[in-house]
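Protein chains in written order, with this note's numbering: chain A, 1 to 56; chain B, 1001 to 1390.
Shown next, in structure tokens, is the structure this report addresses.
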Amino acid sequence: MSEKEKTLNPDPGVCVPWEVKKAEIGEFPGNEAITKKEWEKLDDFAYNFIWFWAQR
Amino acid sequence: MNEKEMLYQKRLERYITAMDCGKPDMVPVAFGVGEWITKYTGTTLQEIYYDLDKSTDVVSEMLPGLDFDIFKGGPALWWPPMFDAMGSKLYKFPGIGVDENSTFQFNEQEYMKAEDYDEFIASPTEWLVNHYLPNISTELENPGSYRSTVALIKGAAAFAMQGGIMAAAWGKWTVENGIVGQGTGFTKAPFDTLGDALRGMKGVLLDLRRRPEKVLAACDAITPHNVNCGLAGPGADTRFPCFAPLHRGAYPFLNPKQWDTFYWPSLKATIEGMWAKGKRMLFYAEGDWTPYLEKILELPDKSIVFQIDTTDAKKAKKILGGRFCLQGGVPTTLLTYGTPEKVKEHIKRTFDELAYDGGFILDTGGVVMGDAKKENAIAMIEAARKYGIY
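This is the structure in structure tokens:
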């Protein structure tokens, strides 16, 4: 199993936690808050798409 | 503030006052444009379901001149092109699987097997992605393949497209007609999430005897996700309730002991979790919930709007009235088999019995089916305004 395939057990509203992505990026020279905010918005969209199919 | 904006504010206040168990200036009225509209527009149900522009146009043409408060939405509950893109096995839609004028059918299967419980409980979202989506989607049968990847791109794009189109339509309906949307967010009882789409009715009922501890653990694992789904994301609106269609909790799917053990604790926790964040649930109690009215009193005051379908309405008023707003009062069958005169008589009686001290929203008991008559739906609104002034 590769690092990216490890079980994440994400919280509600989350698919891939920002902390996981941030650790993969490593050094962060810019404004982390800007990138984190947009990552989490799209992550939340993906979460809602996934759970939509289970909440029919 | 223009005329429509003032109308919106008035209707909003009416809605919120009733949800808080108060007595507004008149009984708020909820209304939706159901599948019945196709009989009057020369369109097939397939056109209405597939073509979002046509579906929203039909609603836009219907709304002007109708005096009601709370809008429940248009005739198409789902957008089949998204399901087609994924090769979804979940439904048969009008024109694909069933006749072009037949309503959709749910294809219930055990999409989650009994042996999947542990992995699902350990990480529900990951299990849904890794196993459930491929199980319910023919296009995803070979994850990582060309067809699978394209299907996921198309499915997610369709989800966003539909969201954008419907948000614009709701904005237009609100601005042009001064009506208030019924709610934001969508959730379910955890037992229903498990029993509807994952294990299916047969699977979950067998599980109650063969692996009850797994059912309870799965419901516990689903609960925080259902709180999140109901809240519709962090920082989302809390003025309006989230819609929660409740299925297997209706009597007599489960016996009272099973209901107490398997259905109620996680539903109650979902409602309490949402209410802690200020979000109310439209407790859409489909079917008969009369035996459980006393248990519902365990919930925090005003944390739900209780939908009366075939629940004994007078008992619901006696037991829940004053603690929770009640919504309903018009049997869906009355709109199909009744006449405008009978609808009006019924609404007058309903107001006398259920609305006299506030905390009541007039609505149909359940989802209005395609065989309802337009003249009865209009009669419902007109009678509500005639008899609904406090």
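Heads up, the beta-carbon is just placed ideally off N, CA and C, and yes, glycines get one too.
Taking 8 Å as the cut-off, the beta carbon of B/L1206 is found no closer than this to the beta carbon of B/F1262. Taking CB atoms only, A/G30 has no neighbour in chain B less than 8 Å away. With a contact defined as Cβ atoms closer than 8 Å, B/A1158 and B/W1079 qualify at about 7 Å.
Under the three-state reduction of DSSP, B/D1207 is assigned to helix.
Under the Cβ criterion (8 Å, minimum of three pairs), the segment 1380-1390 of chain B does not count as touching the segment 1047-1058 of chain B.
Within chain B, the residues whose beta carbon sits less than 8 Å from that of A/I50 are T1125, L1128, V1129, L1133, listed in sequence order. Within the model, the alpha-carbon separation for B/L1299 versus B/D1057 is close to 40 Å. When the five nearest sequence neighbours on each side are left out, the beta carbons in the same chain lying within less than 6 Å of the beta carbon of B/Y1008 are those of G1178, in order along the chain. It is roughly 7 Å from the alpha-carbon of B/S1060 to the alpha-carbon of B/W1173. A residue is called buried when at least 16 other Cβ atoms come within 10 angstroms of its Cβ; A/F28 does not meet this threshold and is exposed.
The criterion of a C-beta distance shorter than 8 Å is not satisfied by B/E1286 and B/G1185.
Contact between the segment 1159-1172 of chain B and the segment 1238-1251 of chain B is absent, with fewer than three C-beta pairs closer than 8 Å. Of the residues B/L1090, B/R1199, B/I1222, the one whose Cα lies closest to the Cα of A/D11 is B/I1222. At least one beta carbon of chain A lies nearer than 8 Å to the beta carbon of B/F1186. B/K1279 counts as buried, since no fewer than 16 other beta carbons sit within 10 angstroms of its beta carbon. A Cβ-Cβ distance of about 6 Å is found for the pair B/T1044 and B/N1101, placing them in contact under the 8 Å criterion. In this structure, the alpha-carbon of B/I1378 lies about 26 Å from that of B/K1317.
In this structure, the CA atom of B/A1160 is about 26 Å from the CA atom of B/M1112.
A Cβ-Cβ distance of about 6 Å is found for the pair A/D43 and A/V16, placing them in contact under the 8 Å criterion.
A distance of 8 Å or more separates the beta carbons of B/P1190 and B/S1137.
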